[in-house]
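Going down the list, the sequences are from chains A and B. Following this note's numbering, the numbering of the first sequence begins with 6 at its first residue and continues without gaps. Following this note's numbering, the numbering of the second sequence begins with 26 at its first residue and continues without gaps.
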Amino acid sequence: MTATDTKVNSGKNVKEFISKIVHNQLFIPLAALLLLVLFNLIADPSFFKIALEPSSEGNLILSGNLISIIDNASELAILAIGMTLVTSASGGQDISVGSAIAIAGSVVLRIVKVYSTDISNGQFFGVIVFSFILCAVVAALFGAFNGALVAYFKIQPMVATLILFTAGRSIAAWINNNDNISINDTRFAYFGNFIPGIPVPTPVFITAICLVVIALVLKFTNLRLYSQAVGINSSSSRLNGINPKTIKLLTFIILGVCVAVCGFIKVSRTSSITYSVIANNIEMDAILAVALGGNNLGGGKFNMTASVLGAYVIQFLTTTLYKFKVSSSAISAYKAVVVILLIIMSAPVVRKWINDMKNKRQAAKASSQVGKENI
Amino acid sequence: MSVNSNALGSNKLKRRTSLTDTNLLLIITVVVFVIMYICAVVFLKKGFTKPQMFFNILNENASLLVLSCGMTLVMITGGIDISVGQVTSLVCMACAVHLEHNNGNVITSMLIALGIGLAFGVVQGFLVAYLEFQPFIVTLAGLFFAKGMTTIISSDRISITNEAFLALCKTEVTIPFLGSVNKKGIFVPASMEIGVVVALVIVVLLFCLLRWTKLGRNFYAVGGNNQSANMLGINVKLTKFLAHVLCGLCAGIGGYVFFLHACSGSPLHAQGAEMNAIASSIIGGTLLSGGVGNIVGTLFGVLSLSTIKNIVTSLGLEDPWWTNITVAAMLCLFLLIQSIILARKNKNKK
């Protein structure tokens, strides 16, 4: 204890400590989160109220803004996982995730629709698993298509994914013949809402599973090292025996699986699908989450925790804006301002400029001190 | 070039490769368009034989043409601008509110359109060129800002009743020697809207800019190789900035042309126009990596894109998803062609 006390007492160490915190990658999302929390505390403390209330079906469920933030951020957090990997390895972002979610959701609904509502729980579980596996395969295939364009044909990721961005929602509509499908089986809605008897929304558990899986993968495999190496310098990583093409393809396929999970949650929330609206603009939010996590959008090193935290911050921002009665389509204008501020803060030119200013000030101080001594 | 033709063999080789790089893509586009149109005339016949069909395609896509020209400029310098579609929507909405609710006149609405486009161009250009952000992220933010602003101004569709503006909308330029005979045997000359004239003027202006002015050649130099352009004494930042400003201006003008065609403002206007503009530029032979591109190619890119859409609808595939899927497939095809050409070019260098 005394050792730390002396450390804190000496001013230089405090400065070092602060700069260590400021330069930590988690600083930006945490600071943004704190800012939002403070803002809400001042504006309306009841924002943070959590209540255990019976739902319309008679189950006890948790309700409140915080719960809805954690619940609604699930898709974004899952997407942020895949988007971070893609960003790291290929130095670009996938803008087709929203369309791909529409495709995945459409596949799930098409499978589940076929079976009648009076099958037993076991059979129903089988149907769900089958539909999920199929939609994961389809989404992974579309991911592989994007990945192949990026890795083998060397097209910029954002432009390569533009193809699926244009066609995705149309393909989704085509899968179901443009029918408006809705599933009447209440069991299907468990995955996007609540399982009876459990007061926490199911997407939270699904997100937790995904996060644990990706944490284990990053811990026990070389995925992190390899994708960072490819992102930093793909030709030198090739000389070191990594195949950059395979790694890029792999990250896009992982993103595809993430997309499948998101699509599954999305359609389960409403038990239906609207092809042109489902997961609208989610690609922007996913990219924003990665940027907010302080990751370099040009590829290279990444911090998964920061990205996922970024996703929750964005959902916090969205919910706060909704609370202040901002219409859903006008929200994008506010988010754009946040993006611009973020990229200005993280720009190398601006950082260099700030450093120069700091150095100049220090130099001026030093010279003035020298002047005083001379007098 | 003819002077050099009897020079060394290596010079000849150079000349040939430069021809394949820049002009091959253009030739492919033109050939694809011509074949497509001839096939449509021969097999479909539904109106494709009439010249008016061609001008209808132009009428519907005049604003897309202007947007694509701006996009081509930015893409030649190696950037991209995906905000143009939503800027179009914002321009329509702002002008509509100005004309309807504020009783403005037509001239000031034009100035508003230009102002909005210029503002977006200057801000985005500054962020991209001088602060060195990735153009995609900056313009994505611009896209969402414009989208949000459009709905903040008004979330409902506004139809125009201003008489001076409606008169301008309905002004059509007739071409006396082109036309077709209708069922009653009366000769109906082909006509096009005033927006098409504006679009074609912009095409010509930008073509001249790229072909014969110093600034235009600078665009190619910067897009081809940033560093060597810098060493040649070209102000790279200023050039990139000007490209974005011009693109913003084009977005403003394109927005007004769209407004002239639609005669209304709505948040749903020009949805996905940026993707169509990028697709047309790519189909027109503009390389994404910068340095290669041609306004004439872009013109043919727009024409090919809209012709294929028309063909798809007249084939009876009226479900709305087919056009999107064909456009995506076409984009994919041309991207692959580009990629192959680039790969071959790199091989030649080595």
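Glycine is no exception: its CB is placed at the ideal position from the N, C-alpha and C atoms.
Residue i, enclosing beta strand (DSSP E) - first and last residue
{"i": "A335 (chain A)", "result": "Unbroken run through A335 (chain A): none, as it is neither H nor E."}
{"i": "E125 (chain B)", "result": "Not the beta strand (DSSP E): E125 (chain B) falls in the alpha helix (DSSP H), residues V109 to E125."}
{"i": "P59 (chain A)", "result": "I55 to P59"}
{"i": "S216 (chain B)", "result": "F212 to E218"}
For residue i, the first and last residue of its enclosing alpha helix (DSSP H)
{"i": "A304 (chain B)", "result": "A298 to I308"}
{"i": "G69 (chain A)", "result": "Looking at the DSSP string, G69 (chain A) is not in any alpha helix (DSSP H); the run it does join, the beta strand (DSSP E), is L65 to G69."}
{"i": "P249 (chain A)", "result": "P249 to T275"}
{"i": "G277 (chain B)", "result": "V261 to A287"}
{"i": "A65 (chain B)", "result": "Looking at the DSSP string, A65 (chain B) is not in any alpha helix (DSSP H), and its letter there is neither H nor E."}
{"i": "S239 (chain A)", "result": "S239 to L244"}
{"i": "P160 (chain B)", "result": "P160 to I178"}
{"i": "V318 (chain A)", "result": "M309 to K328"}
{"i": "N130 (chain B)", "result": "Per DSSP, N130 (chain B) belongs to no alpha helix (DSSP H) and is neither H nor E."}
{"i": "I283 (chain A)", "result": "I283 (chain A) -> no alpha helix (DSSP H), and no H or E assigned at all."}
{"i": "Y245 (chain B)", "result": "K239 to G249"}
CA nearest to the CA of residue i, picked from the options
{"i": "L139 (chain B)", "options": "B:M300, B:V116 and B:Q159", "result": "B:V116"}
{"i": "A171 (chain B)", "options": "B:S291, B:T311, B:I53 and B:I307", "result": "B:S291"}
{"i": "T338 (chain B)", "options": "B:V198, B:V352 and B:F325", "result": "B:V352"}
{"i": "T207 (chain A)", "options": "A:I55, A:N77 and A:S93", "result": "A:N77"}
{"i": "A265 (chain A)", "options": "A:Q30, A:G69, A:F147 and A:K17", "result": "A:F147"}
{"i": "N29 (chain A)", "options": "A:A311, A:S273, A:T275 and A:L67", "result": "A:A311"}
{"i": "V112 (chain A)", "options": "A:V132, A:G127, A:S101 and A:S95", "result": "A:V132"}
{"i": "A36 (chain A)", "options": "A:F225, A:L297 and A:I349", "result": "A:L297"}
{"i": "A189 (chain B)", "options": "B:M135, B:G142, B:T175 and B:P201", "result": "B:M135"}
{"i": "L358 (chain B)", "options": "B:G104, B:L330, B:N371 and B:N335", "result": "B:L330"}
{"i": "F44 (chain A)", "options": "A:I55, A:I336, A:K271 and A:T325", "result": "A:T325"}
{"i": "V342 (chain A)", "options": "B:I307, B:L49, B:M174 and B:Y62", "result": "B:M174"}
{"i": "Q161 (chain A)", "options": "B:L361, B:M78, B:T264 and B:A166", "result": "B:L361"}
{"i": "T323 (chain A)", "options": "A:V209, A:L216, A:I336 and A:C267", "result": "A:I336"}
{"i": "I74 (chain A)", "options": "A:A371, A:Q320 and A:V142", "result": "A:Q320"}
{"i": "T92 (chain A)", "options": "A:R366, A:V295 and A:Y120", "result": "A:V295"}
{"i": "V282 (chain B)", "options": "B:A295, B:P214 and B:L165", "result": "B:A295"}
Contacts around residue i, its chain only, beta-carbon distance under 7 angstroms, and the 5 residues preceding and following it disregarded
{"i": "Y399 (chain A)", "result": "Look at the range of chain A in this structure, 6 to 380, and you will see that residue 399 (chain A) is not part of it."}
{"i": "Y245 (chain B)", "result": "I101 and G316"}
{"i": "F32 (chain A)", "result": "I26"}
{"i": "S276 (chain A)", "result": "S187, I188, F193 and A194"}
{"i": "N285 (chain A)", "result": "G103"}
Under the three-state DSSP convention, the category residue i falls into
{"i": "V42 (chain A)", "result": "helix"}
{"i": "P201 (chain B)", "result": "strand"}
{"i": "A213 (chain A)", "result": "helix"}
{"i": "E188 (chain B)", "result": "helix"}
{"i": "S30 (chain B)", "result": "Below a pLDDT of 50, predicted positions are generally treated as unreliable, and S30 (chain B), at 43, falls in that range; no measurement from the model is reported."}
{"i": "A94 (chain A)", "result": "helix"}
{"i": "G326 (chain B)", "result": "helix"}
{"i": "I183 (chain B)", "result": "strand"}
{"i": "S24 (chain A)", "result": "helix"}
{"i": "F151 (chain B)", "result": "helix"}
{"i": "T7 (chain A)", "result": "Because the pLDDT of T7 (chain A) is 49, which lies under 50, any placement of that residue in the model is unreliable, and the question is left without a value."}
{"i": "G131 (chain A)", "result": "helix"}
{"i": "S79 (chain A)", "result": "helix"}
{"i": "G104 (chain B)", "result": "coil"}
{"i": "S101 (chain A)", "result": "coil"}
{"i": "S373 (chain A)", "result": "helix"}
{"i": "G316 (chain B)", "result": "coil"}
{"i": "S187 (chain A)", "result": "strand"}
{"i": "G303 (chain A)", "result": "coil"}
{"i": "G148 (chain A)", "result": "helix"}
Residues near residue i in its chain [Cβ-Cβ closer than 6 angstroms; skip 5 each side]
{"i": "E299 (chain B)", "result": "I107, V109 and G110"}
{"i": "R41 (chain B)", "result": "Since pLDDT at R41 (chain B) reaches only 49, below the 50 mark, its modelled position is unreliable, and no value is offered."}
{"i": "F58 (chain B)", "result": "F325, L328 and S329"}
{"i": "E58 (chain A)", "result": "S68"}
Residues near residue i in its chain [Cβ-Cβ closer than 8 angstroms; skip 5 each side]
{"i": "I178 (chain B)", "result": "L115, M118, A119 and V122"}
{"i": "V163 (chain B)", "result": "Q149, L152 and V153"}
{"i": "N126 (chain A)", "result": "R192"}
Got a sec: which bits of the region 295-312 of chain A sit with their beta carbon under 8 angstroms from any beta carbon on chain B, in order along the chain?
Listed by position, the residues of the region 295-312 of chain A near chain B (Cβ gap below 8 angstroms) are A296, L302 and G303.
If you measure beta-carbon to beta-carbon, which residues of the region 148-168 of chain A are closer than 8 angstroms to chain B?
If the cut-off is 8 angstroms between Cβ atoms, the region 148-168 of chain A has L154, F158, K159, I160, Q161, M163, V164, A165, L167 and I168 near chain B.
Name, going along the chain, the residues of the region 332-347 of chain A whose beta-carbon falls closer than 8 angstroms to a beta-carbon of chain B.
Residues S332, S334, A335, I336, S337, A338, Y339, K340, A341, V342, V344 and I345.
In the region 163-190 of chain B, which residues sit with their C-beta less than 9 angstroms from some C-beta in chain A, listed in chain order?
Under the 9 angstroms Cβ criterion, the region 163-190 of chain B contributes V163, L165, A166, G167, L168, F169, F170, A171, K172, G173, M174, T175, T176, I177 and S180.
At a Cβ cut of 9 angstroms, what residues of the region 359-377 of chain A count as close to chain B, listed as they run along the chain?
Of all residues in the region 359-377 of chain A, none has a Cβ within less than 9 angstroms of some Cβ in chain B.
For the region 302-314 of chain B, enumerate the residues whose C-beta is nearer than 7 angstroms to any C-beta of chain A, in chain order.
Cβ contacts with chain A: I303 and L313.
At a Cβ cut of 8 angstroms, what residues of the region 136-165 of chain B count as close to chain A, listed as they run along the chain?
In summary, the residues of the region 136-165 of chain B whose CB is separated from some CB of chain A by less than 8 angstroms are L152, Y155, L156, E157, F158, Q159, F161, I162, V163 and L165, in the order they occur in the chain.
Chain B contacts from the region 176-188 of chain A (Cβ-Cβ distance under 8 angstroms):
Within the region 176-188 of chain A, I176, A178, W179 and N183 place their CB atoms closer than 8 angstroms to a CB of chain B, listed in sequence order.
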